[in-house]
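Chemist:
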Amino acid sequence: MSLTMEHNPERQHELLQQIGEGVLEAVGDDWEKVYLRWSGTISISTVDFQVTRRDGQTQRIDLPTHVDDLITELRTEMYREDLGTWFLFTFTLTPPGSFSVDYDYDSKPEFPFELDPVTYNNDLNRFPRARANHPDWLWEALLEADQIIRARRDAENTD
Numbered sequence: 479m480s481l482t483m484e485h486n487p488e489r490q491h492e493l494l495q496q497i498g499e500g501v502l503e504a505v506g507d508d509w510e511k512v513y514l515r516w517s518g519t520i521s522i523s524t525v526d527f528q529v530t531r532r533d534g535q536t537q538r539i540d541l542p543t544h545v546d547d548l549i550t551e552l553r554t555e556m557y558r559e560d561l562g563t564w565f566l567f568t569f570t571l572t573p574p575g576s577f578s579v580d581y582d583y584d585s586k587p588e589f590p591f592e593l594d595p596v597t598y599n600n601d602l603n604r605f606p607r608a609r610a611n612h613p614d615w616l617w618e619a620l621l622e623a624d625q626i627i628r629a630r631r632d633a634e635n636t637d
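With positions in the sequence shown counted from 1, the corresponding number in our numbering is that position plus 478.
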């Protein structure tokens with residue numbers, strides 16, 4: 479299923495505000511800097527969520543599920559025809575509540591393991607991109623996914 483969505487900057491800003499609120503709720507009052515790196519596709523994501531406390535100690539914490547859901551919604555909201563959507567989201571928060579955001583449309587999502595290339599194929603079916611917007615790593619994964627899908631179909635047809 480492909481998407482056709484209206485560009486809605488107000489909704490994107492609202493989602494970023496909600497993400498910020500959820501992050502602040504998760505880290506509590508004692509913080510100097512918050513770093514959140516989300517990597518994902520339509521079916522899987524991973525997070526590096528760290529808080530630097532006022533005493534300089536850095537602590538990894540769990541991202542609340544509702545914040546992960548908001549990031550996933552933001553990823554969907556930011557889909558653009560031919561461009562696709564991003565795979566990496568970096569959110570940095572500094573006092574008194576200022577934040578910066580980076581969206582990376584081209585880098586491979588960061589997982590502690592290799593994803594099945596079909597995962598990228600499924601993501602591209604949901605968030606299509608023009609061929610010119612396929613980074614090399616994605617193009618290679620799609621070619622491999624095509625081979626895997628064909629082999630699975632062939633195996634099903636011989637049973």
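Yeah, the Cβ is synthetic: ideal placement off N, Cα and C, and Gly gets one too. Just so we're clear, the structure is a prediction, and the values are computed from it rather than from any experiment.
On the CB-based measure, 16 or more other CB atoms within 10 Å of its CB, does Leu514 come out buried or exposed?
Modeler: By one-based count along the sequence shown, residue 514 stands at place 36. Buried: at least 16 other Cβ atoms inside 10 Å.
Chemist: The beta strand (DSSP E) that contains Thr597, what's its start and end?
Modeler: Counting from one through the sequence shown, the residue named residue 597 turns up at place 119. Segment 595 to 604 is the alpha helix (DSSP H) holding Thr597; no beta strand (DSSP E) there.
Chemist: Out of Asn611, Arg531, Leu566, Gln625, point me to the one whose CA is closest to Lys586's CA.
Modeler: To locate residue 586, count along the sequence shown from 1; it is residue 108. The residue with the shortest Cα to Cα distance from Lys586 is Leu566.
Chemist: Compare the C-alpha of Asp533 against each of Gly575, His544, Glu510, Ile497 and name the closest.
Modeler: On the sequence shown, position 55 is the one that residue 533 refers to. For Asp533, the nearest C-alpha among the options comes from Glu510.
Chemist: Determine which residues share a DSSP beta bridge with Thr580 and list them.
Modeler: Translated into positions along the sequence shown, residue 580 becomes position 102. Residue 580 is actually Asp in this sequence, not Thr. Asp580 pairs with Thr568.
Chemist: Tell me whether the segment 533 to 552 and the segment 586 to 595 touch, counting them as touching only if at least three CB pairs, one residue from each stretch, are closer than 8 Å.
Modeler: Verdict: no, contact absent.
Chemist: Could you give the distance in angstroms between the alpha-carbon of Thr530 and the alpha-carbon of Glu618?
Modeler: Position 52 of the sequence shown, counted from the start, is the residue given in the question as residue 530. Position 140 of the sequence shown, counted from the start, is the residue given in the question as residue 618. Cα to Cα, Thr530 sits roughly 38 Å from Glu618.
Chemist: Let me confirm a value: Ile627 is counted as buried when at least 16 other C-beta atoms fall within 10 Å, else exposed. Which label applies?
Modeler: As a first step, residue 627 must be located in the sequence shown, where it is residue number 149. Per the 10 Å Cβ criterion, exposed.
Chemist: In the DSSP assignment, find the beta strand (DSSP E) that holds Gln537 and state where it starts and stops.
Modeler: Translated into the one-based positions of the sequence shown, residue 537 becomes position 59. Note, Gln537: beta strand (DSSP E), 536 to 538.
Chemist: Any idea which residues DSSP pairs Val529 with across the strands?
Modeler: The residue labelled residue 529 in the question sits at position 51 within the sequence shown. Note: Val529 sits in a beta bridge opposite Val512, Gln537.
Chemist: In the DSSP assignment, the alpha helix (DSSP H) including Pro487 goes from what residue to what residue?
Modeler: Along the sequence shown, read from residue 1 onward, the residue named residue 487 stands at position 9. Looking at the DSSP string, the run of the alpha helix (DSSP H) that includes Pro487 is 487 to 505.
Chemist: Does DSSP classify Arg553 as helix, strand or coil?
Modeler: Working through the sequence shown from its first residue, we reach residue 553 at position 75. Helix, per DSSP.
Chemist: Just verifying my parser: in three-state terms, what is the DSSP assignment at Thr636?
Modeler: Residue 636 sits at position 158 when you count from the first residue of the sequence shown. Note: Thr636 maps to helix in three-state DSSP.
Chemist: Inspect the CB distances between the segment 602 to 616 and the segment 574 to 582 and report whether three or more fall short of 8 Å.
Modeler: In short, these stretches do not touch, since the Cβ pair count stays below three.
Chemist: Do you know how far the Cα of Leu561 is from the Cα of Pro573?
Modeler: Numbered from its first residue, the sequence shown carries residue 573 at position 95. Numbered from its first residue, the sequence shown carries residue 561 at position 83. So the alpha carbons of these two residues sit roughly 34 Å apart.
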